[in-house]
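Participant: From first to last, the protein sequence lines stand for chains H and A.
Everything in the first sequence is counted per this note's numbering, starting at 1 for the first residue and increasing by one.
Everything in the second sequence is counted per this note's numbering, starting at 126 for the first residue and increasing by one.
Protein chains: 2
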Amino acid sequence: MSESLGQFEQIILTAILSLRDEAYGVTIHEKAVQLATPRKISPGAVYITLDRLEDKGLISSWLSDPTPERGGRSKRFYRLEALGERALEESAATARRVWETVAEIWGDVAEGVRRRPKWSPARPR
Amino acid sequence: MSESLGQFEQIILTAILSLRDEAYGVTIHEKAVQLATPRKISPGAVYITLDRLEDKGLISSWLSDPTPERGGRSKRFYRLEALGERALEESAATARRVWETVAEIWGDVAEGVRRRPKWSPARPR
DNA sequence: CCATTTGCCATACATTGTTGGTGAAATCAT
DNA sequence: ATGATTTCACCAACAATGTATGGCAAATGG
């Protein structure tokens with residue numbers, strides 16, 4: 001019954017984890033944008049994904065009191081549940097394997113160092 | 126126009142890349158299983174995903190001649206196209222950010238070293 | 001020539017991801 | 001106090017992706 005997260009779900013869980021106790025819609029969206037650049041992410045996509053993750057028991061949420069800032073209405077905070085931690089752990093391990101496999105061949109892509117291989121795949125017609 | 130790969134598509138592209146000129150259905154499936162453990166992956170899932178990736182122009186394929194092994198019928202080989210390389214590059218960079226973010230908090234998950242944080246998120250009711 | 005092996009592919013369905021919004025609650029300026 | 005602005009939550013409808021299951025074809029060995 002392991003959960004096998006989708007790409008977006010993985011990003012959302014990672015955002016929640018890294019935001020610790022400051023994880024609510026807006027901050028989660030911002031963090032997700034950072035993680036996924038240059039992909040575009042809409043706020044709505046974040047909220048519906050949060051709903052589904054909560055339905056599955058991977059995260060839980062509660063409403064805060066409003067804060068005394070301009071426009072500061074009450075926020076819905078999120079945290080990982082045990083199930084979500086396990087799913088993310090597994091999923092992050094896969095992300096690592098993917099990243100390492102790619103890096104072995106192309107070099108450190110995130111640093112823009114993309115080395116090109118010397119071989120060229122045979123491609124008969 | 127950026128392609129924003131799904132999780133599975135990312136795995137398949139990574140498998141093709143790492144298999145260089147030995148990338149066909151069966152080997153791609155095997156590699157995908159390694160990358161995604163402990164997730165289960167069916168061969169059928171691999172083939173349909175290959176079809177869709179080819180439709181989108183991320184990969185291309187051609188049929189080989191049969192090999193002289195028992196049951197060795199002709200294979201459909203795959204290679205990354207330029208579009209697929211760019212999509213994978215971008216997607217791998219995201220995978221890296223996810224993994225690093227998680228690793229910063231939990232430690233090296235893939236090595237099973239999972240350190241626990243000292244704080245515990247406040248969770249009002 | 002038939003059982004076995006290797007491999008490709010289709011159908012049908014379930015789950016995820018995206019777009020493009022709506023509208024509430026709070027503060028600020030006038 | 002009323003209208004503009006900001007912060008934030010959420011929804012509906014759809015598009016894209018992922019999974020399960022199983023069939024079929026081509027080659028070889030006996």
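Virtual Cβ for every residue (Gly too), placed ideally from N, Cα, C.
Closest Cβ-Cβ distance between residue 129(A) and chain H: below 8 Å?
Facilitator: yes
Participant: Does the region 147-160 of chain A come into contact with the region 192-207 of chain A, if we say contact requires no fewer than three beta-carbon pairs (one atom in each stretch) closer than 8 Å?
Facilitator: yes
Participant: Where do the N-terminal and C-terminal ends of the beta strand (DSSP E) with residue 18(H) fall, by residue?
Facilitator: Careful: residue 18(H) lies outside any beta strand (DSSP E), inside the alpha helix (DSSP H) at 7-19.
Participant: Would you mind sorting residue 188(A) into buried or exposed? The rule is 16 or more other CB atoms within 10 Å of its CB.
Facilitator: exposed
Participant: If we ignore side chains and look at the alpha-carbon of each, how far apart do residue 35(H) and residue 15(H) end up?
Facilitator: 8 Å
Participant: Determine whether the Cβ of residue 135(A) lies closer than 8 Å to any Cβ atom of chain H.
Facilitator: At a cut-off of 8 Å, the C-beta of residue 135(A) has a neighbouring C-beta in chain H.
Participant: Could you pull out every residue in the same chain whose Cβ sits closer than 7 Å to the Cβ of residue 186(A), ignoring the five residues on either side in sequence?
Facilitator: 179, 201, 202, 203
Participant: Please go through the same chain and pick out, in chain order, the residues whose beta-carbon is closer than 6 Å to the beta-carbon of residue 213(A), but skip the five residues on each side of it.
Facilitator: 138
Participant: So residue 160(A) contacts chain H; which residues on that side make the cut at Cβ distance below 9 Å?
Facilitator: 94, 97, 98, 101
Participant: Measuring straight from C-alpha to C-alpha, what distance separates residue 223(A) and residue 73(H)?
Facilitator: 30 Å
Participant: Tell me the DSSP secondary structure of residue 153(A) in three-state form.
Facilitator: helix
Participant: Compare the C-beta of residue 211(A) with all C-beta atoms of chain H and state if any pair is closer than 8 Å.
Facilitator: no
Participant: Check distances from the C-beta atoms of the region 51-78 of chain H to those of chain A and list, in chain order, the residues that come in under 7 Å.
Facilitator: 62
Participant: Using the Cβ count rule (16 or more neighbours within 10 Å means buried), how would you classify residue 31(H)?
Facilitator: buried
Participant: Which residue marks the beginning of the alpha helix (DSSP H) containing residue 52(H), and which one marks its end?
Facilitator: In the DSSP assignment, residue 52(H) falls within the alpha helix (DSSP H) that extends over 43-55.
Participant: Run down chain H in chain order and give the residues with a C-beta less than 7 Å from the C-beta of residue 143(A).
Facilitator: 101, 105
Participant: Helix, strand or coil for residue 93(H), going by three-state DSSP, please let me know.
Facilitator: helix
Participant: Figure out for me which residue from 229(A), 231(A), 216(A) has the closest Cα to the Cα of residue 100(H).
Facilitator: 216(A)
Participant: Tell me the rounded alpha-carbon separation between residue 49(H) and residue 9(H).
Facilitator: Near 7 Å, if we compare the C-alpha coordinates of residue 9(H) and residue 49(H).
Participant: Within the same chain, show all residues whose beta-carbon is closer than 6 Å to that of residue 41(H), passing over the 5 residues directly before and after it, in chain order.
Facilitator: 32, 33
Participant: Nearest chain H C-beta to residue 163(A) closer than 8 Å, yes or no?
Facilitator: yes
Participant: For residue 155(A), decide whether its Cβ has a neighbour in chain H, counting only Cβ atoms nearer than 8 Å.
Facilitator: no
Participant: Just confirm the distance between the C-beta atoms of residue 230(A) and residue 17(H), as a whole number of angstroms; I'd bet it's less than 8 Å.
Facilitator: 6 Å
Participant: Residues in its own chain within less than 6 Å of residue 29(H) by CB, not counting five upstream and five downstream?
Facilitator: 43, 46
Participant: Does any residue of chain A bring its CB to less than 8 Å from the CB of residue 14(H)?
Facilitator: Interface criterion met: the Cβ of residue 14(H) is under 8 Å from a Cβ in chain A.
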